[in-house]
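Worksheet: one structure, shown below.
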Amino acid sequence: MKRVLPPGSVIGVLGSGQLGRMFAIAARRMGYRVHTLSPDEDTPTGQVSDVEIRASYGDLDAVRGFASRADVVTFEFENIPTASIEACAALVPVHPRAEVLHITQHRLREKTFLVKNGFPCAPFRHVRSAAELETAAAQIGLPAVLKTAGFGYDGKGQRLLKSPQDLAPAWESIGAAEAVLEKFIDFECELSVVAARDQDGCFAPFPVCLNTHSQHILDLTVAPAPIDPRIAARAVEITRGILEALDAVGVLCVEFFLTRSGELLVNEIAPRPHNSGHYSFDACVTSQFEQQLRAVCGLPLGSTEQMRPAAMANVLGDLWAGGEPLWRRAAAFPEVKLHLYGKLEPRPGRKMGHLTALAHSVEEASERVQAARAALTDRAAES
Ligand code: AMP
5 MKRVLPPGSV
15 IGVLGSGQLG
25 RMFAIAARRM
35 GYRVHTLSPD
45 EDTPTGQVSD
55 VEIRASYGDL
65 DAVRGFASRA
75 DVVTFEFENI
85 PTASIEACAA
95 LVPVHPRAEV
105 LHITQHRLRE
115 KTFLVKNGFP
125 CAPFRHVRSA
135 AELETAAAQI
145 GLPAVLKTAG
155 FGYDGKGQRL
165 LKSPQDLAPA
175 WESIGAAEAV
185 LEKFIDFECE
195 LSVVAARDQD
205 GCFAPFPVCL
215 NTHSQHILDL
225 TVAPAPIDPR
235 IAARAVEITR
245 GILEALDAVG
255 VLCVEFFLTR
265 SGELLVNEIA
275 PRPHNSGHYS
285 FDACVTSQFE
295 QQLRAVCGLP
305 LGSTEQMRPA
315 AMANVLGDLW
325 AGGEPLWRRA
335 AAFPEVKLHL
345 YGKLEPRPGR
355 KMGHLTALAH
365 SVEEASERVQ
375 AARAALTDRA
385 AES
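Read in order, the letters of the sequence shown are residues 5 to 387 in the working numbering.
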């Protein structure tokens, strides 16, 4: 039965990164309390939570202690053992439910779910040995992408295979017992739909995003995606179908490839708010983080209406190569918002923050956010 959790309730968040941080900010703004558990301390989420617990995700005693003090548990990171989610679920409601995490944290299970339910995705094969990789490559054809079956994100554990000579070294280098070989898609663009489903089954999509990746990591998002509205509508309908088939409660993101022939293929499902939805914090009536709070607390979903065209650019640790970025310079753009995640150590490829620009068109927003990001390291302009 649906239980509505009023402000003052404790939301337990497994994981302690930037997604948990922005969720906690939204939750605390509405008067909720946030407890976070992760193996780290002084974390992006912990810094803005009421309670930060340091324990491994597999420490079931610590996980049970954390869950017993919460009114509901959610997660901001998918590489959490299913047993830990189940241990929470024995004590308190968990949204999305453990099965959603179990399916989406493993590429093979996720792709099998997509095919079984009739959702479009790139052709793939299950691979467990170098010999199976050869057979799979012969069936799918090259180029193809070899991906570890579990625990991958931001392109980690992936190899592009262009010729038969690439197969054996790629199998060695991913060092996994299980992998997926996927046809390389020469896509027109990448899109994503962030959407929420509440405990009554109501569905609320945010505007479709157009995403550009660099080195497999999201670089730039513009919203609403400047694409044929029929394609946007189809992406939203596929997303609705996926959330329903998963019987998910919460905010999820479905990432798509749009092929050159106009076909949408699901690339990945993230069972949580997503980097491509960060623009909603500044540009929509309800952010993806507030929406997650509403869904897990049994509140009605908020409006996902976008108030201004927006663009979001990630701020990676690479920008620290020449010293601390010049924050003042980004602040000089009056319609650009700076978000920093409180991470202490900037490393190349690490997501340290993001910038969101609002404008009168997505083109203008995109130019503006990239100019603001470039200004962060433009030391010549300082002298
Ligand atoms: P993933 O971690 O699977 O989302 O992959 C990260 C990024 O790598 C994607 O957003 C794409 O830019 C690229 N990529 C992954 N799989 C493929 C594929 N089958 N064909 C073309 N590009 C891909």
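No residue lacks a Cβ here, since even glycine has one placed at the ideal position from N, Cα and C. Here the structure is a predicted model, which means the values were calculated and not measured.
The nearest non-hydrogen atom of the ligand AMP is 7 Å or more from the C-beta of histidine 110. Closest by C-alpha distance to phenylalanine 191, out of Asp202, Arg201 and Asn271, is Asn271.
Annotation note: the segment 33–68 contains the following uninterrupted beta strand (DSSP E) runs of length 3 or greater, listed N- to C-terminal: 37–42 and 55–58. Counted as a single uninterrupted DSSP element, the alpha helix (DSSP H) harbouring threonine 86 occupies residues 86–93. Linking alanine 379 to threonine 216 through their CA atoms gives a straight-line distance of about 20 Å.
Annotation for lysine 115: no beta strand (DSSP E) segment contains it, though the alpha helix (DSSP H) segment containing it runs 111–120. With a threshold of 16 other beta carbon atoms within 10 Å, leucine 348 falls short and is exposed. DSSP places phenylalanine 128 in the uninterrupted beta strand (DSSP E) bounded by 128–131. Taken from the Cβ of alanine 126, at least one heavy atom of the ligand AMP lies inside 7 Å.
Cβ atoms of aspartate 322 and valine 253 stay farther apart than 8 Å, at about 37 Å. Counting only unbroken stretches of 4 or more residues, the alpha helix (DSSP H) elements lying wholly within the segment 137–186 are 171–178, in sequence order. Leaving aside the five residues that flank valine 255 on each side, the residues in its chain whose CB is nearer than 6 Å to its CB run, in chain order, Ala200, Pro277, Gln292, Gln295 and Gln296. Of the heavy atoms belonging to the ligand AMP, at least one sits nearer than 7 Å to the Cβ of isoleucine 189. Rounded to the nearest whole angstrom, the C-alpha separation of alanine 59 and leucine 9 is 26 Å.
The Cβ neighbour count for methionine 316, taken over all protein chains shown within 10 Å, is at least 16; the residue is labelled buried.
Partner residues in the beta bridge of arginine 201, as assigned by DSSP, are Phe207 and Gly254. Rounded to the nearest angstrom, the Cβ distance from glycine 62 to serine 88 is 7 Å, consistent with a contact under 8 Å. Taking a C-beta distance under 8 Å as the contact criterion, alanine 336 and arginine 312 do not qualify as a contact pair. The three-state reading of DSSP puts aspartate 286 in helix, counting H, G and I together. Ranked by Cα distance from glycine 353, the first of Trp324, Ala363, Ala239 and Pro329 is Trp324.
It is roughly 36 Å from the alpha-carbon of isoleucine 107 to the alpha-carbon of alanine 369. Remark: C-beta atoms of threonine 225 and serine 280 approach each other more closely than 8 Å.
Cysteine 125 is bridged by DSSP to Val270. Leu250 is the residue among Leu250, Ala172, Arg129 and Thr308 whose C-alpha sits nearest the C-alpha of histidine 99.
Unbroken beta strand (DSSP E) stretches of 3 residues or longer found wholly inside the segment 207–251: 207–209, 213–218 and 221–227, given in chain order. Relative to the ligand AMP, the beta carbon of asparagine 271 is positioned inside 7 Å of a heavy atom. Relative to the ligand AMP, the beta carbon of lysine 151 is positioned inside 7 Å of a heavy atom. Of the candidates Pro275, Gly302 and Val212, Val212 places its Cα closest to the Cα of leucine 262.
Within the same chain, and ignoring the five residues on either side of alanine 181 in sequence, no residue has its Cβ closer than 6 Å to its Cβ. Look at isoleucine 189 here: in three-state DSSP terms it is coil, with no helix or strand label.
Out of Asp382, Gly346, Ser365 and Asp65, the CA that lies nearest to the CA of glutamate 45 is found in Gly346. Distance from the C-beta of glutamine 162 to the nearest heavy atom of the ligand AMP is below 7 Å. DSSP places threonine 78 in the strand class (E or B) of the three-state scheme. A residue is called buried once 16 or more other Cβ atoms fall within 10 Å of its Cβ, and methionine 34, having fewer, is exposed.
Residue environment: alanine 384 is assigned as exposed (fewer than 16 neighbouring CB atoms within 10 Å of its CB, all protein chains considered). Leaving aside the five residues that flank cysteine 92 on each side, the residues in its chain whose CB is nearer than 6 Å to its CB run, in chain order, Ala71, Val77 and Val98.
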